[in-house]
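The structure under discussion appears below in the form of structure tokens.
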Amino acid sequence: MDQHAELKRLRDELDLVNAELLALINKRGEIAVEIGKVKRAQGIDRYDPVRERQMLESIAASNHGPFETGRLQHVFKEIFKASLELQGEDRTRKLLVSRKQKPTNTIIRIGDDVIGDGSQQLIAGPCAVESEEQVFEVAEQLAKHGVRFMRGGAYKPRTSPYDFQGLGLEGLKMLKKAADAHGLHVITEIMTPSAVESALPYVDIIQVGARNMQNFDLLKEVGRTDKPVLLKRGLSATLEEFMYAAEYIMASGNEQVILCERGIRTYERATRNTLDISAVPILKQETHLPVMVDVTHSTGRKDLLLPTAKAAYAIGADAVMVEVHPFPALALSDANQQLDFNEFDSFIENLTSTFPALNVQ
Ligand SMILES: O=C(O)C(=O)C[C@]1(C(=O)O)C=C[C@@H](O)C=C1
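Heads up: the sequence shown begins at 1 in the UniProt record's numbering, then just goes up one per residue.
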């Protein structure tokens with residue numbers, strides 16, 4: 001047989017072995033997934049180094065070449081890692097938040113408005129409700145621009161116990177009154193499970209703040225309401241932890257969850273937090289939930305609000321949140337990062353010139 005014919009014969013033989021290997025490796029993967037289910041049911045960790053060591057020693061004892069044992073053991077370690085991924089992927093497949101569970105986008109309806117249908121929404125308002133006059137001034141300014149959602153902090157999570165803690169339920173009533181007067185929807189943070197029930201009549205979207213992303217009792221409590229929940233990513237939360245926090249809300253019965261990327265804590269000091277803009281497409285891929293970006297708390301800088309808002313919409317965010325205050329210099333919190341009304345006018349003008357479909361009239 002000539003050399004070309006011999007090479008082809010051998011390659012054809014190798015292709016047959018490849019096909020057999022492929023079938024066997026996938027068969028092995030199916031068994032590993034079943035093992036993962038058994039381990040999960042028994043509460044056993046997926047990763048089992050003792051088991052892996054046993055198999056690698058067995059390979060060493062059984063290997064008679066031509067491959068070196070170490071090379072083959074490396075191949076099997078990759079197979080073990082792939083098995084763990086299969087076992088882990090199976091977990092995410094069952095998550096209520098997972099797009100594998102629900103391929104279509106979750107669209108959240110608040111009155112005549114929607115978030116998550118592909119439209120671009122804007123949420124604006126003061127960091128904190130400070131007075132009835134203040135929230136009425138802001139509500140009027142938002143309504144002038146056709147903004148549909150007004151945020152305002154009535155219960156303020158502050159780093160220092162000596163900082164302004166918010167006006168509480170009275171402040172929430174002021175916010176609702178101002179919003180109602182201008183046909184706006186209210187978004188406000190609720191800090192504790194015990195405060196949820198009394199706040200419900202005055203809020204259209206419950207915000208769970210970054211520091212409360214893993215306050216599991218609060219997640220379950222808001223999960224038992226029929227109000228949409230805006231869940232902020234924790235300061236140092238991985239996206240997996242973020243999705244599992246949203247899972248708590250959905251597992252309690254409330255499917256209306258909006259995920260909010262608000263910046264993560266990193267070594268960088270140029271901004272208040274580091275806006276993890278790639279979280280938006282990742283969360284849109286991994287979940288069916290609306291995803292929004294809080295440009296104020298992520299950057300902490302007025303000069304970055306417009307560019308990061310543009311980046312957020314450009315990368316696919318369903319909404320952007322920004323803080324607006326009549327006189328930021330006099331604000332009781334976040335004084336340096338809230339837009340005054342003139343700045344908000346130009347913010348809206350710039351944004352709508354880049355994104356004419358932005359849902360502001
Ligand atoms: O036997 C197990 O416990 C498995 O999960 C299967 C398997 C494997 O691929 O063989 C996968 C991951 C473990 O770390 C150990 C072994």
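We treat Cβ as the ideally placed atom computed from N, Cα and C, and that holds for glycine.
Residue from the options whose Cα sits closest to the Cα of residue i
{"i": "L332", "options": "E78, G166, I25 and L14", "result": "G166"}
{"i": "L24", "options": "P66, R11 and I79", "result": "I79"}
{"i": "T192", "options": "G146, I110, T308 and P157", "result": "P157"}
{"i": "R272", "options": "D294, S252 and L283", "result": "D294"}
{"i": "R233", "options": "R224, M213 and H182", "result": "M213"}
{"i": "I108", "options": "K100, R99, Q121 and Q101", "result": "Q121"}
{"i": "L142", "options": "A5, E221, H74 and N342", "result": "N342"}
{"i": "T274", "options": "G300, I282, C127 and K284", "result": "G300"}
{"i": "C260", "options": "V33, P201 and I115", "result": "I115"}
{"i": "P328", "options": "A60, Q337 and Q73", "result": "Q337"}
{"i": "A179", "options": "E197, G152, L14 and T159", "result": "G152"}
{"i": "R48", "options": "G29, S353, I264 and L84", "result": "Note that residue 48 is Asp in the sequence shown, not Arg. It is L84 whose Cα lies nearest to the Cα of D48."}
{"i": "D112", "options": "I264, R262, Y267 and G183", "result": "G183"}
{"i": "L304", "options": "G263, L7 and E140", "result": "G263"}
{"i": "A181", "options": "C127, N215, E197 and E137", "result": "E137"}
{"i": "E197", "options": "L21, T159, G223 and Y267", "result": "G223"}
{"i": "residue 363", "options": "N18, K81, D117 and F76", "result": "This structure does not reach residue 363, given that the chain is present from 1 up to 361, and the question cannot be answered."}
{"i": "K177", "options": "E132, D217 and F164", "result": "E132"}
{"i": "F216", "options": "V229, A245, V203 and P201", "result": "A245"}
{"i": "A82", "options": "N18, A41, P290 and V33", "result": "V33"}
{"i": "K173", "options": "A41, E13, F164 and V203", "result": "V203"}
Environment of residue i [buried if 16+ CB atoms lie within 10 Å]
{"i": "R71", "result": "exposed"}
{"i": "T238", "result": "exposed"}
{"i": "V208", "result": "buried"}
{"i": "S298", "result": "buried"}
{"i": "I187", "result": "buried"}
{"i": "F344", "result": "buried"}
{"i": "M250", "result": "buried"}
{"i": "D318", "result": "buried"}
{"i": "F149", "result": "buried"}
{"i": "H185", "result": "buried"}
{"i": "Y313", "result": "buried"}
{"i": "N254", "result": "buried"}
{"i": "D226", "result": "exposed"}
{"i": "K284", "result": "buried"}
{"i": "P66", "result": "exposed"}
{"i": "D15", "result": "exposed"}
{"i": "I44", "result": "exposed"}
{"i": "D334", "result": "buried"}
{"i": "I123", "result": "buried"}
Anticipated Cβ contact below 8 angstroms, residue i with residue j, distance rounded
{"i": "V97", "j": "M243", "result": "5 angstroms"}
{"i": "L86", "j": "V135", "result": "At roughly 52 angstroms, the Cβ-Cβ gap does not stay under 8 angstroms, so L86 and V135 are not in contact."}
{"i": "L339", "j": "K302", "result": "7 angstroms"}
{"i": "L306", "j": "F347", "result": "6 angstroms"}
{"i": "I110", "j": "P228", "result": "6 angstroms"}
{"i": "E286", "j": "R99", "result": "6 angstroms"}
Proximity of residue i and residue j at Cβ, strictly below 7 angstroms
{"i": "V257", "j": "L231", "result": "yes"}
{"i": "A195", "j": "G171", "result": "no"}
{"i": "L351", "j": "A309", "result": "yes"}
{"i": "N105", "j": "H288", "result": "yes"}
{"i": "I205", "j": "A199", "result": "no"}
{"i": "T296", "j": "V280", "result": "no"}
{"i": "V360", "j": "V129", "result": "no"}
{"i": "L235", "j": "A210", "result": "yes"}
{"i": "A311", "j": "I277", "result": "yes"}
{"i": "R51", "j": "G36", "result": "no"}
{"i": "L95", "j": "E247", "result": "yes"}
{"i": "T69", "j": "A61", "result": "no"}
Interface flag, residue i vs chain C, CB-CB below 7 angstroms
{"i": "A237", "result": "Among the chains in the structure shown there is no chain C, since it carries only a single protein chain."}
Worksheet entry | Within the stretch 151-230, ranges of the beta strand (DSSP E) (whole runs, at least 3 residues) | 185-189 and 205-208
Worksheet entry | Whole alpha helix (DSSP H) elements within the UniProt domain "Chorismate mutase" (1-91), 4-residue minimum | 3-41 and 49-62
Worksheet item: Considering only residues of the stretch 231-266, which uninterrupted beta strand (DSSP E) runs meet the minimum length of 3 residues and lie entirely inside it, listed in chain order?
Response: 257-261
Worksheet item: What are the complete beta strand (DSSP E) segments, minimum 3 residues, inside the stretch 264-334?
Response: 291-294 and 319-323
Item to complete: Could you tell me which uninterrupted alpha helix (DSSP H) segments, each at least 4 residues in length, are contained entirely in the stretch 83-145, listed from first to last along the chain?
Response: 132-144
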